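Colleague: Sending over a structure as structure tokens; questions will come in a sec.
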Amino acid sequence: MNHLILRNLCAVSFSVFCSCLVWGNTPPGDFDEMWHDFDPRSDPLETEILKEWEEDNVVLKVIRYRIGEFKGQKSFMAGIYGYPKGQERLPGLLQIHGGGQYAHSNAVQTNAKRGYATLSIAWAGRISAPGYTVSPREVKLFWEGKKDDPKYRITTDWGALDAYHAPSRYGKDAFTSLPVEDWTLDPVRSPRNSSWFLVALAGRRGLTFLEQQPQVDGSKLGVYGHSMGGKLTVLITGADNRVKAAAPSCGGISDRYTDDDLHFATVSDPPSLKRIAVPIVFLSPSNDFHGRINDLETAVHEIKSKDWRVSCSPHHNHQDTPEFEGLTQVWFDRYLKSKHPVPSTPEAQLEVRSGQLPRLVVNADRAREIQKVEVYFTQQGILQERGEAKDDSANTKHRFWKFVKPAKSVLQNQWVATLPIFDVGRPLWAFANVFYRTDEKITGAGYYYGTYQTENFVLTSLLQTIPAEQLRKSGTVANPPSNHKIEDFSGEWKKDWFSYNQKKWGLRTNKLHEPIWAAPSPQSRISLEVRSDIANKMVLWVDGHGVELTLSGSGIWQRFSFPPTALKNSEGTGLTDWIGIKELRLDDTEKLKVPRGSSTKALKVGAPWQGPPPAFRNLCWIE
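For any residue, its number in our numbering is found by taking its place in the sequence shown, counting from 1, and adding 543.
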């Protein structure tokens, strides 16, 4: 029997997990009390198969299992379970989707092809599988019990509670607060009213489902998830010792700034992190808003794990490219299949000397073949303390990271990068990425379930920081650009730009958000020269406003220049000025911004590209 007991007991009772639960006025006050006496194995799973099929020698099933019984009503979690046909004693993976996302058959399918059994849980009710789609519309049909609708599908049922998200069943959710409602668990303000707790509990029941499957070796269970799924990965790993390896992406490290003491002591990230002792890898893009790079060092010092790594793609926010996503697969292969060791975390140290530019000294483990080493720095970092307002874009989504190619040192495992900083009056943040060759080509499902392939993975040093005051006192020097040129498109210029779609030539940069490259005046013109072999159209886009460039082709260089008002949104309204701009894009097509509250549809400008990619030169400001 599961007994989840509150202190200061009184006579009001409810049924939960087929148990008698007595309530009091004092909620669980810390992480241990929150999970006190919960046994994820004790209640029957009552598993039902909603759909079963085979695909490329992989068995896949849409299933539901019982989460528990809350306030006299049973709750069930839907998900997709799959494994390579005919195999047993497989490592098992629990995959957890993020906000607005789905349980997805491609995560299960690609893992099965690599020798894993996987359960992808649909904690928000949404499912994407061949012949079994549950979008928000179908979730609402399920809530309303409209079984006669041809699109009706059985899905996750939270019973008397509401741990759904985007949308929630009753118009608001309990992820950002600890409400007391008819649809929450406890009749007093409690961490068990948090949807984080409920979904983590359901995830722990998912581990029970995995360990009871005949195809799974229950001693080899891993958990991974993206965004909200990353935070849930940390919550579950901190609470359940059956987890033997974990890989959160874009979550699980930055829920630590709340001024709500009860949330902080229970369902925030630090209480879970402090209980994690298994191998864990954090995938945290440098500009991610949900799992911030400046929280990584704190997080890895909080965990008890001896084996941990981090991987931070430059410029990215909440998305990644294959060489970064693939580290999840490398990690599980190592710790659930005992494959090739993962090299140790690169060591990096910032050095500042009077009269010289700062340096980042990097030492990298050669346990596997090193492909290359890259260094990035920014001077837009802002540290945050608990209770302060959330970081704004200057410290998260749009900070600019400058690429520096390090030189190989005379020491075998060492590289040194000289950092041409812009200003000694601002802080300095820097990190190093070391690219390694995989044992074999990896095929996986990315954060948003698209299939990727990679033969490399990336390990990142911990972020190294120097406050502005220390920079000034050191006597170090800066080397800012001396003119209005934004980009000369020479050498490895693309390292200062980024893209999430490697099949297209289009690129983005946050360079214009760095004050050094800001427009010299609010009404300056932005100028660019372009050459195309074939007649085409392309788009210059800034913060949702764009302008089409018509290219004549024939390999002729064409020069374009525009004031801010030439760049329009979907309503045809131009930028007022260049003040505070963040992101610049060059691409064949782009969608323009729809102003908040507008009924206008998003306008797509440009045209699909024909022929070889364009060439660029001399992106600059003209006063």
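Cβ atoms here follow ideal geometry from the backbone N, Cα and C, with glycine treated the same way. All figures in this text were calculated on a predicted structure; none of them were measured in a lab.
Restricting to Cα atoms, I'd like to know which of Ala665, Tyr675 and Gln630 is closest to Leu593.
Modeller: Minimum Cα distance to Leu593 is reached at Tyr675.
Colleague: Provide the residue span of the alpha helix (DSSP H) that contains Glu1012, from first to last.
Modeller: First-last of the alpha helix (DSSP H) with Glu1012: Ala1011 to Ser1017.
Colleague: Could you confirm whether any beta carbon from chain C is found closer than 8 Å to the beta carbon of Val1020?
Modeller: In summary, chain C is missing from the structure at hand, where a single protein chain is found.
Colleague: Which residues in the same chain as Ala703 place their Cβ atom closer than 6 Å to its Cβ, once the five residues preceding and following it in sequence are excluded?
Modeller: Phe613, Lys614 and Gln616, listed in sequence order.
Colleague: Quick check: Leu1129 and Ala1145, are their CB atoms within less than 8 Å of each other?
Modeller: No, these two residues do not count as a Cβ contact at 8 Å.
Colleague: Do you know how far the Cα of Glu1030 is from the Cα of Ala1150?
Modeller: Each residue's alpha carbon lies about 24 Å from the other.
Colleague: In terms of residues, what are the limits of the beta strand (DSSP E) holding Leu1092?
Modeller: His1088 to Leu1094 is the span of the beta strand (DSSP E), which, as asked, contains Leu1092.
Colleague: Quick check on Arg785: buried or exposed, where buried means 16 or more other Cβ atoms within 10 Å of its Cβ?
Modeller: With 16 or more other Cβ atoms within 10 Å, it is buried.
Colleague: Apply the 10 Å Cβ neighbour rule to Thr776 and answer buried if 16 or more other Cβ atoms are within range, or exposed otherwise.
Modeller: With 16 or more other Cβ atoms within 10 Å, it is buried.
Colleague: Would you check if there are 3 or more beta carbon pairs closer than 8 Å linking the region 812-829 to the region 946-957?
Modeller: With the cut-off at 8 Å, the region 812-829 and the region 946-957 do not touch.
Colleague: Determine whether the beta carbon atoms of Gly765 and Leu903 lie at a separation below 8 Å.
Modeller: No, the pair does not count as a contact, with Cβ atoms beyond the cut-off.
Colleague: Would you give the residue range spanned by the alpha helix (DSSP H) that Ser737 belongs to?
Modeller: Looking at the DSSP string, Ser737 is not in any alpha helix (DSSP H), and its letter there is neither H nor E.
Colleague: Over what stretch of residues does the beta strand (DSSP E) that includes His844 continue unbroken?
Modeller: Element bounds for His844: not the beta strand (DSSP E) but the alpha helix (DSSP H), Leu839 to Glu845.
Colleague: Can you give, in chain order, each stretch of the beta strand (DSSP E) that sits fully within the region 1132-1162 and has at least 3 residues?
Modeller: The qualifying runs are 1132-1134 and 1147-1149.
Colleague: Spatial neighbours of Leu1006 within its chain, please: C-beta separation below 7 Å, excluding the five flanking residues on both sides.
Modeller: These residues qualify, in order along the chain: Ile836, Asn837, Leu839, Glu840, Trp972 and Phe974.
Colleague: DSSP on Asp863, reduced to helix/strand/coil?
Modeller: Note: Asp863 maps to coil in three-state DSSP.
Colleague: For Asp573 and Gly641, I'd like the C-alpha separation in whole angstroms.
Modeller: Asp573 and Gly641: Cα-Cα distance of roughly 25 Å.
Colleague: With DSSP as the reference, please indicate the residues paired to Phe1103 in a beta bridge.
Modeller: Paired residue(s): Leu1071.
Colleague: In this structure, how does DSSP classify Thr569 when only helix, strand and coil are distinguished?
Modeller: Here Thr569 sits in strand by DSSP.
Colleague: On the DSSP bridge assignment, give the partners of Gly643 in chain order.
Modeller: Gly643 pairs with nothing; no bridge assigned.
Colleague: Whose CA, out of Val742, Asp705 and Glu1114, lies closest to the CA of Glu724?
Modeller: Looking at the Cα atoms, Asp705 is the closest of the given residues.
Colleague: Which stretch, first to last residue, makes up the alpha helix (DSSP H) that contains Thr727?
Modeller: From DSSP, Thr727 is part of no alpha helix (DSSP H); its letter is neither H nor E.
Colleague: Distance, Cα to Cα, Ala1109 vs Trp1121?
Modeller: So the two alpha carbons sit approximately 12 Å from each other.
Colleague: For the putative contact between Thr661 and Gln638, defined by C-beta atoms under 8 Å, what is the C-beta separation to the nearest angstrom?
Modeller: Their Cβ separation, rounded to whole angstroms, is 6 Å, which keeps Thr661 and Gln638 in contact under 8 Å.
Colleague: Who does Phe685 pair with in a DSSP beta bridge?
Modeller: DSSP output for Phe685 lists no bridge partner at all.
Colleague: Which first and last residues belong to the alpha helix (DSSP H) in which Gln957 is found?
Modeller: Taken as a continuous stretch (DSSP letters only), Gln957 belongs to no alpha helix (DSSP H), being part of the beta strand (DSSP E) at Gln957 to Thr961.
Colleague: Straight-line CA distance for Gly1049 to Glu866?
Modeller: Cα to Cα, Gly1049 sits roughly 19 Å from Glu866.
Colleague: Taking Trp874 as part of the alpha helix (DSSP H), name the residues at either end of that continuous run.
Modeller: Start and end: Leu870 to Lys880.
Colleague: Can you tell me which of the three DSSP states Glu912 falls into?
Modeller: In the structure shown, Glu912 sits in coil (DSSP, three-state: anything other than H, G, I, E or B).
Colleague: Output the distance between the C-alpha atoms of Glu631 and Val601, rounded to the nearest integer angstrom.
Modeller: C-alpha separation (whole angstroms): 13 Å.
Colleague: If we ignore side chains and look at the alpha-carbon of each, how far apart do Pro1010 and Arg942 end up?
Modeller: Those two C-alpha atoms are separated by around 17 Å.
Colleague: Restricting to Cα atoms, I'd like to know which of Ala655, Gly658, Tyr659 and Phe685 is closest to Arg669.
Modeller: Closest option to Arg669, Cα to Cα, is Phe685.
Colleague: Tell me whether the beta-carbon of Lys774 lies closer than 8 Å to the beta-carbon of Gly761.
Modeller: Not a contact, by the Cβ cut-off of 8 Å.
Colleague: Could you have a look at Leu564 and say whether DSSP puts it in helix, strand or coil?
Modeller: Caution applies to Leu564, whose pLDDT of 37 falls short of 50 and renders its modelled position unreliable; the value that the coordinates give is listed next. Note: Leu564 maps to strand in three-state DSSP.
Colleague: Report the CB separation of Pro1157 from Arg1102 in whole angstroms; it is logged as a contact under 8 Å.
Modeller: Actually they do not touch by this definition, with Cβ atoms about 13 Å apart.
Colleague: Give every residue of the same chain whose Cβ lies closer than 7 Å to the Cβ of Asp692, excluding the five residues on either side of it in the sequence, and list them in chain order.
Modeller: For Asp692, where only same-chain residues beyond five positions count, the Cβ hits under 7 Å are Leu684.
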